[in-house]
Amino acid sequence: MPASRRNPTAGNRKLILTADDFGLSPALNAAVALAHKYGLLTCASLMVSAPAAAHAVALARQLPGLCLGLHLTLAQGRPVLPPRHVRRLVDFRGEFPKKPVTAGFRYYFKLSLLPEIRRELAAQIEAGLHSGLRLWFLNGHLNLHLHPRILPIVLDLAREYQIPAIRLCREDWRTTLALTSNRRLPKIAQGLIFSWLSARARVFADAAGLAYNDHLFGLTNDGRMTEAHLLALIRRLKPGVTEICFHPALYPDPELMRWGPGYHRQAELAALLSPQIPRLLAGKAVLQNFRDIASRDIVKD
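So the sequence shown is numbered by the working numbering: it starts at 498 and just counts up by one.
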């Protein structure tokens, strides 16, 4: 275990490093295992309906230190339930909408979809729990868990299934813009929207007694958490719990290219394995996971 995970001099800055889309492909799953065993990865978000979910579960059973959560999926994927049971959520191929904006508008204005959404999300959680692995947090693929219609369902299911933490997406877009120069206006818009959604969600998460991260990176610059970018972010960490999201892969993979053709997946894996990161972290932050912050909140209460 790197010394930075238990360094008492790192102050009040806590850092969670999470790989999303765990289960999407064997290449991504292998990267998660490597980054946790030999690098700094602390958490992984499991997609239970993804093509390589069974492979991900088998790997997770060999990684008891990896904090596992559920990456709830309502876009760019398939349901856990048979399509006939969620026929209004899927197309003729049995797939969720591919475009998150399309999905977001449908879920907001078609209230008749909400019962099917709840059944499907409950089925995804039950599939994750059926694996025998402990689930410590919930988030959403494309962060749809913060959607105003979906959030109440997610919070209710978190309480029902005793999952103690949730991801908030409060990204300091000013920091992201200072470190990147492309797509500035879309990044500002996305950052503002998710900051508002997260501020709203924080109130409800507090009422539900759920733990959460204070800050997040990897939202507006997803798939580009290179070593240089990660080093720069660590130098700018604020007090509180910061989560940084990754989408690593060990090698190029057709399934990954389908959903993230512009992602620098192997560079992200290299960042998680970089020997420079622990040296910088030693004086900046303590590596943690959602199990740690959930346990801290339980003790505090």
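Here a beta-carbon is modelled for each residue, glycine too, at the ideal position from N, C-alpha and C.
From a predicted model like this one, the values you see are computed outputs, not experimental measurements.
Run through DSSP, which three-state label would residue 712 get? Mapped onto the sequence shown, residue 712 falls at position 215. Looking at residue 712 - three-state DSSP - the assignment turns out to be strand.
Given this structure, state the Cα-to-Cα distance separating residue 639 from residue 759, to the nearest angstrom. Start at 1 with the first residue of the sequence shown, and residue 639 comes out as number 142. Start at 1 with the first residue of the sequence shown, and residue 759 comes out as number 262. Each residue's Cα considered, the two are about 16 Å apart.
For residue 599, count neighbouring Cβ atoms within 10 angstroms of its own Cβ and tell me buried if that reaches 16, exposed if not. For this step, residue 599 is matched to residue 102 along the sequence shown. Classification for residue 599: exposed.
May I have the straight-line CA-CA distance separating residue 672 from residue 689, to the nearest angstrom? Working through the sequence shown from its first residue, we reach residue 672 at position 175. Working through the sequence shown from its first residue, we reach residue 689 at position 192. Rounded to whole angstroms, residue 672 to residue 689 spans 13 Å at the Cα level.
Residue 787 versus residue 561 - alpha carbon distance: Taking the sequence shown and counting its residues from 1, one reaches residue 787 at position 290. Taking the sequence shown and counting its residues from 1, one reaches residue 561 at position 64. Distance between the alpha carbons of residue 787 and residue 561 is about 14 Å.
Burial state of residue 517, where buried means 16 or more other Cβ atoms lie within 10 Å: The residue you call residue 517 lines up with position 20 of the sequence shown. The residue is buried, with at least 16 neighbouring Cβ atoms inside 10 Å.
For residue 511, count the other beta carbons within 10 Å of its own beta carbon; 16 or more makes it buried, fewer makes it exposed. Which is it? By 1-based counting over the sequence shown, the position of residue 511 is 14. Classification of residue 511: buried, given that the 10 Å Cβ count is 16 or more.
Are at least three pairs of beta-carbons, each pair with one atom in the segment 713-723 and one in the segment 749-765, less than 8 Å apart? yes
How long is the line joining the alpha carbons of residue 530 and residue 749, rounded to whole angstroms? Counting from 1 along the sequence shown, the entry for residue 530 is found at position 33. Counting from 1 along the sequence shown, the entry for residue 749 is found at position 252. Answer to the nearest angstrom: the Cα atoms are 16 Å apart.
Whether residue 652 touches residue 707 by CB criterion (8 Å): Position 155 of the sequence shown, counted from the start, is the residue given in the question as residue 652. Position 210 of the sequence shown, counted from the start, is the residue given in the question as residue 707. Result yes, Cβ atoms of residue 652 and residue 707 sit closer than 8 Å.
Distance check for residue 574 and residue 783, CA to CA, integer angstroms please. One-based indexing of the sequence shown puts residue 783 at position 286. One-based indexing of the sequence shown puts residue 574 at position 77. Approximately 34 Å between the Cα atoms of the pair.
Cβ-based neighbour list, residue 736, same chain, cut-off 7 Å, excluding 5 preceding and 5 following: Within the sequence shown, numbered from 1, the residue matching residue 736 stands at position 239. The residues are 509, 510.
DSSP three-state call for residue 680: helix, strand or coil? On the sequence shown, position 183 is the one that residue 680 refers to. Reduced to three states, the DSSP call for residue 680 is coil.
Do residue 698 and residue 791 come within 8 Å of each other at the CB atom, strictly closer than that value? For the purposes of this step, residue 791 is identified with residue 294 of the sequence shown, where counting begins at 1. For the purposes of this step, residue 698 is identified with residue 201 of the sequence shown, where counting begins at 1. Going by C-beta atoms, residue 791 is not nearer than 8 Å to residue 698.
Which of the three DSSP states, helix, strand or coil, is assigned to residue 554? By 1-based counting over the sequence shown, the position of residue 554 is 57. DSSP places residue 554 in helix when its eight states are reduced to three.
Cα-Cα separation between residue 498 and residue 543, rounded to whole angstroms: Counted from its first residue, the sequence shown places residue 498 at position 1. Counted from its first residue, the sequence shown places residue 543 at position 46. Confidence is the limiting factor: at residue 498 the pLDDT is only 36, short of 50, which leaves the residue's position unreliable, though a coordinate-based value still follows. In a straight line, the C-alpha of residue 498 is about 23 Å away from that of residue 543.
Taking the alpha-carbon of residue 667 as reference, which of 710, 686, 701, 700 has the nearest alpha-carbon? The residue given as residue 667 occupies position 170 in the sequence shown. Selected option, being the one with the closest Cα: 710.
Please confirm whether residue 643 and residue 694 have their CB atoms less than 8 Å apart. Position 146 of the sequence shown holds residue 643. Position 197 of the sequence shown holds residue 694. Yes, Cβ-Cβ distance for residue 643 and residue 694 is below 8 Å.
Using 8 Å as the cut-off, can you tell me whether the segment 623-637 makes contact with the segment 587-605, which would need three or more C-beta pairs spanning the two stretches below that distance? no
Just the Cα atoms here: how many angstroms apart are residue 588 and residue 576? On the sequence shown, residue 588 is found 91 positions in, with the first residue counted as 1. On the sequence shown, residue 576 is found 79 positions in, with the first residue counted as 1. Using only the alpha carbons, I get a separation of about 11 Å.
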